[in-house]
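Reviewing the structure listed below.
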Amino acid sequence: MEDQRKKSAEPIHIGNILNNLLRSFHEKANGDLVLVWRYWDETVGETIAQNARPSAFKGRLLYVEVTSSPWIHQLQFLKKDIIGRLNQVVGKQVINDIKFKIGV
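So this is what it looks like as structure tokens:
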């Protein structure tokens, strides 16, 4: 009985498969970060936007670089509201938490 499955002419290295898979997840995360970046200023307001900028995603954690420790402290109080507004503007829940760090 003839094997019905098609065989690839050449074997595919598992590293190539994993790289393609990871790249697709990375592109999705970058796309979400682009949306967050695009709507950041209007979502958080001019004053916060001058002192804080989104920098990266790790899963559903958004890293935001802030100009100073007092701003980190202030933004901790606003974190829940910022998360809710960004998710609403983007149209899906892309952020569960925000980590603020000095770096702008």
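The opening residue of the sequence shown carries number 1455 in this note's numbering; numbering runs sequentially from there.
No residue lacks a Cβ here, since even glycine has one placed at the ideal position from N, Cα and C.
* Asked: In the segment 1500-1536, which residue ranges form an unbroken beta strand (DSSP E) of at least 3 residues, counting only runs that do not cross its ends?
  -> List check, beta strand (DSSP E) in window: 1506-1512, 1515-1520.
* Have a look at Ile1536, Asp1486, Ser1509 and flag the residue whose alpha-carbon is nearest the alpha-carbon of Lys1546. => The residue given as residue 1546 occupies position 92 in the sequence shown. Closest option to Lys1546, Cα to Cα, is Asp1486.
* Spatial distance of Gly1499 from Tyr1493 (CA atoms) -> The count along the sequence shown starts at 1 and reaches residue 1499 at position 45. The count along the sequence shown starts at 1 and reaches residue 1493 at position 39. C-alpha separation (whole angstroms): 10 Å.
* Would you give the residue range spanned by the beta strand (DSSP E) that Lys1553 belongs to? => Numbered from its first residue, the sequence shown carries residue 1553 at position 99. Start and end: 1551-1556.
* Under the three-state reduction of DSSP, which class applies to Gly1485: helix, strand or coil? -> Residue numbering aside, residue 1485 sits at position 31 when the sequence shown is read from its first letter. In the structure shown, Gly1485 sits in a helix (DSSP, three-state: H, G or I).
* Supposed close pair Asn1541, Ile1549 - CB separation, criterion 8 Å -> Residue numbering aside, residue 1541 sits at position 87 when the sequence shown is read from its first letter. Residue numbering aside, residue 1549 sits at position 95 when the sequence shown is read from its first letter. For Asn1541 against Ile1549, the beta-carbon gap comes to about 6 Å, under 8 Å, which counts as contact.
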